[in-house]
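Participant: Numbering of the sequence shown is given in our numbering, commencing with residue 462 and proceeding in unit increments. Before we start, here is the structure in question, set down as structure tokens.
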Amino acid sequence: MTTANEILKPFDHCRRVVVKIGSALLVDRKAGLRTEWLDSVCADIAALRRRGVEVLVVSSGAIALGRSVLKLPAGALKLEESQASAAVGQIELARAWSESLHRDGIVAGQILLTFGDTEERRRYLNARATLRQLLKLKAVPIINENDTVATNEIRYGDNDRLAARVATMIGADLLVLLSDIDGLYTAPPHLDPEALFLPVIADITPEIEAMAGGAASELSRGGMRTKVEAGKIATAAGCAMIIASGKVPNPLQSIEAGARFSKFEASPNPVNARKTWIAGQLHPAGELHVDEGAEDALHSGKSLLPAGVKRIEGHFSRGDTVAVVSLAGHEIARGLAGYDDSDARLIAGRKSGEIEKILGYAGRAAMVHRDDLVLTHAGNTKKGRKKANV
Ligand code: GLU
Numbered sequence: 462m463t464t465a466n467e468i469l470k471p472f473d474h475c476r477r478v479v480v481k482i483g484s485a486l487l488v489d490r491k492a493g494l495r496t497e498w499l500d501s502v503c504a505d506i507a508a509l510r511r512r513g514v515e516v517l518v519v520s521s522g523a524i525a526l527g528r529s530v531l532k533l534p535a536g537a538l539k540l541e542e543s544q545a546s547a548a549v550g551q552i553e554l555a556r557a558w559s560e561s562l563h564r565d566g567i568v569a570g571q572i573l574l575t576f577g578d579t580e581e582r583r584r585y586l587n588a589r590a591t592l593r594q595l596l597k598l599k600a601v602p603i604i605n606e607n608d609t610v611a612t613n614e615i616r617y618g619d620n621d622r623l624a625a626r627v628a629t630m631i632g633a634d635l636l637v638l639l640s641d642i643d644g645l646y647t648a649p650p651h652l653d654p655e656a657l658f659l660p661v662i663a664d665i666t667p668e669i670e671a672m673a674g675g676a677a678s679e680l681s682r683g684g685m686r687t688k689v690e691a692g693k694i695a696t697a698a699g700c701a702m703i704i705a706s707g708k709v710p711n712p713l714q715s716i717e718a719g720a721r722f723s724k725f726e727a728s729p730n731p732v733n734a735r736k737t738w739i740a741g742q743l744h745p746a747g748e749l750h751v752d753e754g755a756e757d758a759l760h761s762g763k764s765l766l767p768a769g770v771k772r773i774e775g776h777f778s779r780g781d782t783v784a785v786v787s788l789a790g791h792e793i794a795r796g797l798a799g800y801d802d803s804d805a806r807l808i809a810g811r812k813s814g815e816i817e818k819i820l821g822y823a824g825r826a827a828m829v830h831r832d833d834l835v836l837t838h839a840g841n842t843k844k845g846r847k848k849a850n851v
């Protein structure tokens with residue numbers, strides 16, 4: 462359960478936060494980009510980072526900004542018009558973020574994702590590796606859908622769900638959707654004076670979904686419906702979500718200062734949910750047979766390094782699920798392969814430092830990264846007798 466105190470200080474226990482910003486907040490139809498407001502958001506981001514919170518931004522606004530720069534008339538855009546608007550708007554948007562964050566001494570990195578980048582495992586791993594690296598280098602990723610190439614059939618279309626996918630991809634503790642409304646109501650508040658505000662949503666029930674309706678404003682794609690869908694994606698993976706108003710300066714500080722917001726609580730068993738996903742739902746495409754040293758390392762929560770891998774079976778690509786098997790022939794873990802099987806065979810038994818020499822490129826140090834690894838059975842080694850944590 463969320464306590465009143467946690468509700469008031471939602472960033473207190475956070476290590477990593479994704480902030481999604483709606484188009485209507487960033488772009489004024491007549492005046493264009495709202496730079497003063499953007500500067501206030503960047504000041505909030507800088508303040509969070511000083512507290513040790515890593516921040517990623519999912520910024521909408523490319524199409525809205527581009528159409529205003531191109532002076533396209535109001536009303537619905539044809540697909541190729543939104544693609545052209547996004548091309549013009551995104552370059553402005555990225556520059557604005559970069560300049561504004563720079564004032565607070567922060568470096569921005571632009572990431573444009575397409576649907577496949579989050580839904581196909583290999584591309585997902587690639588995108589995640591880039592995001593992780595940006596965070597490691599203390600840059601703030603500024604993410605948007607790559608609207609210049611996305612077509613209607615294969616796109617998110619709304620950044621609410623994209624932001625939720627990014628939040629789960631990167632293991633964020635909190636997703637903040639800054640919107641032109643301050644949270645979820647039992648009915649659209651501008652239409653129904655009886656509408657009640659919902660401060661905490663512990664579970665996304667069909668009733669909650671029904672309350673979300675389908676409304677969207679002219680500038681933004683998502684309405685409350687895509688926000689609740691984002692809530693489902695995020696909370697199932699253990700990431701809490703907040704819907705708050707961005708119509709004030711310093712919107713993130715305002716949240717902490719007591720502004721009203723709705724909080725969707727994270728699933729109480731997120732780790733199990735993810736582990737069940739890796740351990741149970743995917744069929745291993747291959748096997749990595751490991752020595753006892755590696756088995757011990759896995760049981761103490763470490764990644765599987767190539768040095769501990771004795772033998773490889775099966776054909777798999779990077780990102781496929783593989784089983785990790787002990788010398789005694791028992792499956793001890795499952796995880797997502799960091800290498801294709803052909804490369805894995807070349808580096809098996811070798812030190813991570815030798816990878817570049819052997820493969821001709823600097824690959825990942827781990828054969829299976831610990832974030833992508835689930836212990837499925839306790840092993841027979843000393844530490845392995847500890848209960849497997851599934
Ligand atoms: N990706 C779109 C843009 O940058 C916005 C999508 C949305 O409003 O959710 O213009």
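A virtual CB, placed ideally from N, CA and C, is assigned to each residue, including glycine.
Say whether the stretch 610-620 touches the stretch 565-576, bearing in mind that this needs 3 or more beta-carbon pairs closer than 8 Å, one atom from each stretch.
Facilitator: Three or more Cβ pairs drawn from the stretch 610-620 and the stretch 565-576 lie within less than 8 Å of each other, which places the two stretches in contact.
Participant: What does Leu573 pair with, by DSSP beta-bridge criteria?
Facilitator: Asn605
Participant: Could you say which of Leu788, Ile773, Ala755 and Asp801 lies nearest to Arg831 if we only look at CA atoms?
Facilitator: Ala755
Participant: Pull up the CB-CB distance for Ser728 and Gly699, whole angstroms please, since I reckon it's below 8 Å.
Facilitator: 6 Å
Participant: Is Asp757 near ligand 1, judged by its Cβ being under 7 Å from some heavy atom?
Facilitator: Every heavy atom of ligand 1 is 7 Å or more from the Cβ of Asp757, so no.
Participant: Anyone know if the C-beta pair for Val488 and Gly522 falls short of 8 Å?
Facilitator: yes
Participant: Following the continuous beta strand (DSSP E) through Leu836, name the residue where it begins and the one where it ends.
Facilitator: Leu834 to Leu836
Participant: Is DSSP giving Tyr646 helix, strand or coil here?
Facilitator: strand
Participant: Using 7 Å as the cut-off, classify the Cβ of Asp619 as near or not near the heavy atoms of ligand 3, replying yes or no.
Facilitator: This structure does not include ligand 3; its bound ligands are ligand 1.
Participant: Taking the continuous alpha helix (DSSP H) assigned at Lys812, which residues delimit it?
Facilitator: That residue, Lys812, is in no alpha helix (DSSP H); it is neither H nor E in DSSP.
Participant: Shortest alpha-carbon distance to Gly493 belongs to which of Leu659, Gly550 and Leu517?
Facilitator: Gly550
Participant: For Leu638, collect the residues of the same chain with a Cβ closer than 8 Å to its Cβ; drop the 5 residues on either side in sequence, then sort them by chain order.
Facilitator: Lys481, Gly483, Asp621, Ala624, Lys688, Ala691, Met702, Ile703, Ile704 and Ala705
Participant: Where Ala676 and Ile642 are concerned, what is the direct C-alpha to C-alpha distance, given to the nearest angstrom?
Facilitator: For Ala676, the predicted model reports a pLDDT of 44, less than 50, meaning its position is unreliable and no value from the coordinates is stated.
Participant: Quick check on this structure: which residue in Lys763, Val785, Gly780 and Asp781 has the alpha carbon closest to the alpha carbon of Lys771?
Facilitator: Val785
Participant: Do you know offhand how far Cys852's Cα is from Pro767's?
Facilitator: Because the chain in this structure spans residues 462 to 851, residue 852 falls outside the shown range and cannot be described.
Participant: Taking buried to mean at least 16 other C-beta atoms within 10 Å of its own C-beta, is Pro471 buried or exposed?
Facilitator: Buried, because 16 or more other Cβ atoms sit within 10 Å of the Cβ of Pro471.
Participant: With a cut-off of 8 Å, do at least 3 Cβ pairs link the stretch 561-572 to the stretch 495-509?
Facilitator: yes
Participant: By the DSSP assignment, the beta strand (DSSP E) with Ala701 in it spans what residues?
Facilitator: Ala701 to Ser706
Participant: Asn733 to Ala794, Cα distance in whole Å?
Facilitator: Because Asn733 carries a pLDDT of 47, less than 50, the predicted location of this residue cannot be relied on, and the following value inherits that uncertainty. Cα-Cα distance, rounded: 14 Å.
Participant: What I want to know is whether the C-beta of Ser501 ends up closer than 7 Å to one or more non-hydrogen atoms of ligand 1.
Facilitator: no
Participant: May I ask you to check if the CB of Ala555 is nearer than 7 Å to at least one heavy atom of ligand 1?
Facilitator: It does not: the Cβ of Ala555 is nowhere closer than 7 Å to a heavy atom of ligand 1.
Participant: Considering only the alpha carbon of each residue, which of Ala557, Thr612, Glu553 and Glu560 lies closest to Lys539?
Facilitator: Closest in C-alpha terms to Lys539, from the list Ala557, Thr612, Glu553 and Glu560, comes Thr612.
Participant: Nearest-angstrom Cα distance between Pro649 and Phe725?
Facilitator: Distance between the alpha carbons of Pro649 and Phe725: 18 Å.
Participant: Which partner residues does Thr687 have in the DSSP bridge list?
Facilitator: Bridge partners of Thr687: none, in fact.
Participant: Return yes when the Cβ of Ala827 is within less than 8 Å of the Cβ of Leu788, no when it is not.
Facilitator: no
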